[in-house]
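Scroll down for the structure; my scribbles are underneath it.
Protein chains in written order, with our numbering: chain A, 1 to 55; chain B, 56 to 272.
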């Protein structure tokens, strides 16, 4: 197909299976991204917050 | 009749009492909101607006358009990725509010309206996957049929009935989600944004809070 995806999606999903844990790589990537964004949102300084707390 | 205590006056007065204009549209926000974590509620709403807008266009044009034309594919993708972002932002918003114990200070209804909106949004997205009118939709619908039958819900929620699922997806569930989100926002405006937990409640103690105050000065 001419409109190929950046990542080749034309195959069954790849799964990570470990004991009871069974999840597709794409779902794991999304969950890890959410955790990274969550901690970044808490830890990264917000523009103007320092100026406001000093005033 | 003028100045009488008719039902419209009582309704107006009750509305202003419940939602004073200065709370509904405030001049500013508390200083503790200077953190990225407070942005994820409004990001979720922004994604919802794009979902509704792209969904209206998809509904007006129909399945042949979204499957066989370039612009149809584009709006189909916008709709899908807005849903992905909607859940992405909503989950981070949920985590932030959970660890902030955001139901404090009489905000239980705010928390519950958000939690129910999240739960209703899940079947709303699910009925979208089975409304695509392609093999993917057929696969998901037939798999879901067995899953739902095992719960005993039976034919009341018939995932093989496209008309029923499409109605759930474009009308019934979105109306509930949008209504709950609107109620959630009004409750947030009425009670105010939940403040951070006091350091003493976190078990850090006064000495630590003095240290933080000292370092910030």
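Cβ coordinates follow ideal geometry from the N, Cα and C atoms, glycine included.
message: Let me make sure I understand the geometry here. Which of B:62, B:144, B:84 has the alpha-carbon closest to that of residue 243 (chain B)?
response: What you label residue 243 (chain B) is simply residue 188 of the second chain in a count that begins at 1. For residue 243 (chain B), the nearest C-alpha among the options comes from B:84.
- request: State the start and end residues of the unbroken beta strand (DSSP E) segment that holds residue 23 (chain A).
  value: For the purposes of this step, residue 23 (chain A) is identified with residue 23 of the first chain, where counting begins at 1. Segment 21 to 24, the beta strand (DSSP E) holding residue 23 (chain A).
field: Best match in B:224, B:169, B:181, B:117 for proximity to residue 99 (chain B) [C-alpha to C-alpha]
entry: Indexing the second chain from 1 puts residue 99 (chain B) at position 44. Considering only alpha carbons, the answer is B:169.
- prompt: Grouping DSSP H, G and I as helix and E and B as strand, with all else coil, what is residue 166 (chain B)?
  reply: In the second chain, residue 166 (chain B) corresponds to position 111, counting from 1. DSSP places residue 166 (chain B) in helix when its eight states are reduced to three.
- prompt: Taking all protein chains shown into account, do 16 or more other C-beta atoms lie within 10 angstroms of the C-beta of residue 267 (chain B), making it buried, or fewer, making it exposed?
  reply: The sequence position of residue 267 (chain B) within the second chain is 212, counting from 1. With a pLDDT of only 44 at residue 267 (chain B), under 50, the local geometry of the prediction cannot be trusted, and no value is derived from it.
message: Please tell me whether residue 110 (chain B) and residue 246 (chain B) are closer than 9 Å, where the distance is taken between their beta carbons.
response: As a first step, residue 110 (chain B) is located in the second chain; it is residue number 55 there, counting from the start. As a first step, residue 246 (chain B) is located in the second chain; it is residue number 191 there, counting from the start. Cβ atoms of residue 110 (chain B) and residue 246 (chain B): not closer than 9 Å.
message: Within 10 Å of its beta-carbon, does residue 92 (chain B) have 16 or more other beta-carbons around it, so buried, or fewer, so exposed?
response: For the purposes of this step, residue 92 (chain B) is taken as residue 37 along the second chain, with counting starting at 1. The residue in question, residue 92 (chain B), is buried, as its Cβ has 16 or more Cβ neighbours within 10 Å.
field: For residue 241 (chain B) and residue 88 (chain B), believed in contact at Cβ under 8 Å, the rounded distance
entry: Indexing the second chain from 1 puts residue 88 (chain B) at position 33. Indexing the second chain from 1 puts residue 241 (chain B) at position 186. Incorrect: roughly 18 Å between the Cβ atoms, too far for contact.
task: May I ask you to report which of helix, strand or coil DSSP gives residue 17 (chain A)?
output: The residue you call residue 17 (chain A) lines up with position 17 of the first chain. Of the three classes helix, strand and coil, the one that applies to residue 17 (chain A) here is strand, per DSSP.
Touch test, the stretch 142 to 151 of chain B against the stretch 118 to 133 of chain B, Cβ-Cβ under 8 Å, three pairs minimum: no
field: Cβ neighbour criterion (16 or more within 10 Å) applied to residue 229 (chain B)
entry: Looking up residue 229 (chain B) in the second chain gives position 174. By the neighbour-count rule (16 or more Cβ atoms within 10 Å), residue 229 (chain B) is buried.
- request: Thinking residue 157 (chain B) and residue 166 (chain B) are a contact (beta carbons under 8 Å), I'd like their distance in whole angstroms, please.
  value: Position 102 of the second chain, counted from the first residue, corresponds to residue 157 (chain B). Position 111 of the second chain, counted from the first residue, corresponds to residue 166 (chain B). The Cβ separation is near 6 Å, so the contact holds.
- prompt: What are the complete alpha helix (DSSP H) segments, minimum 4 residues, inside the stretch 67 to 91 of chain B?
  reply: 76 to 79
query: What residues of chain B sit near residue 44 (chain A), judged by a beta carbon separation below 8 Å?
result: As a working mapping, residue 44 (chain A) is identified with position 44 in the first chain. Those are 91, listed as they occur along chain B.
field: Residues near residue 180 (chain B) by beta carbon distance below 6 Å, same chain, minus five either side
entry: Residue numbering aside, residue 180 (chain B) sits at position 125 when the second chain is read from its first letter. For residue 180 (chain B), where only same-chain residues beyond five positions count, the Cβ hits under 6 Å are 138.
message: Quick check on DSSP: helix, strand or coil for residue 48 (chain A)?
response: On the first chain, position 48 is the one that residue 48 (chain A) refers to. Here residue 48 (chain A) sits in coil by DSSP.
- prompt: residue 188 (chain B) by DSSP, collapsed to three states: which one?
  reply: Counted from its first residue, the second chain places residue 188 (chain B) at position 133. Of the three classes helix, strand and coil, the one that applies to residue 188 (chain B) here is coil, per DSSP.
field: Sub-9 Å separation of residue 42 (chain A) and residue 90 (chain B) beta-carbons
entry: Walking along the first chain from the start, residue 42 (chain A) turns up at place 42. Walking along the second chain from the start, residue 90 (chain B) turns up at place 35. Taking 9 Å as the Cβ cut-off, residue 42 (chain A) and residue 90 (chain B) qualify as a contacting pair.
- prompt: Can you name the residues of chain B whose CB is closer than 7 Å to the CB of residue 34 (chain A)?
  reply: Locating residue 34 (chain A) in the first chain gives position 34, counting from the first residue. Simply 143, 146, 147.
query: Should residue 154 (chain B) be labelled buried (16 or more other beta-carbon atoms within 10 Å of its own) or exposed?
result: Taking the first residue of the second chain as position 1, residue 154 (chain B) is located at position 99. Classification of residue 154 (chain B): exposed, given that the 10 Å Cβ count is below 16.
task: Could you name the residues of the stretch 148 to 162 of chain B whose beta carbon sits closer than 8 Å to any beta carbon of chain A, in the order they occur along the chain?
output: With the criterion set as a beta carbon lying under 8 Å from some beta carbon of chain A, the members of the stretch 148 to 162 of chain B are 150, 151, in sequence order.
field: Sequence-distant residues of its chain with Cβ nearer than 8 Å to residue 40 (chain A) (five each side left out)
entry: As a first step, residue 40 (chain A) must be located in the first chain, where it is residue number 40. Contacts found: none.
query: Where do the N-terminal and C-terminal ends of the alpha helix (DSSP H) with residue 132 (chain B) fall, by residue?
result: Counting from 1 along the second chain, the entry for residue 132 (chain B) is found at position 77. In the DSSP assignment, residue 132 (chain B) falls within the alpha helix (DSSP H) that extends over 125 to 154.
Burial state of residue 131 (chain B), where buried means 16 or more other Cβ atoms lie within 10 Å: On the second chain, residue 131 (chain B) is found 76 positions in, with the first residue counted as 1. Flag for residue 131 (chain B) reads buried.
message: With a threshold of 9 Å between beta carbons, is residue 95 (chain B) in contact with chain A?
response: The residue labelled residue 95 (chain B) in the question sits at position 40 within the second chain. Yes, residue 95 (chain B) lies at the interface with chain A (some Cβ there is under 9 Å from its Cβ).
field: Boundaries of the alpha helix (DSSP H) in which residue 225 (chain B) is found, first to last residue
entry: Here residue 225 (chain B) corresponds to residue number 170 of the second chain, with the count starting at 1. Taken as a continuous stretch (DSSP letters only), residue 225 (chain B) belongs to no alpha helix (DSSP H), as it is neither H nor E.
message: With three or more beta-carbon pairs closer than 8 Å as the criterion, would you say the stretch 203 to 221 of chain B touches the stretch 184 to 193 of chain B?
response: yes
- prompt: So, is the C-beta of residue 139 (chain B) closer than 9 Å to a C-beta in chain A?
  reply: Stepping through the second chain from its first residue, residue 139 (chain B) is reached at position 84. Yes - at least one Cβ of chain A is within 9 Å of the one on residue 139 (chain B).
- prompt: Would the beta-carbon of residue 253 (chain B) fall within 9 Å of that of residue 223 (chain B)?
  reply: Taking the first residue of the second chain as position 1, residue 253 (chain B) is located at position 198. Taking the first residue of the second chain as position 1, residue 223 (chain B) is located at position 168. By the CB criterion at 9 Å, residue 253 (chain B) and residue 223 (chain B) fall outside the cutoff.
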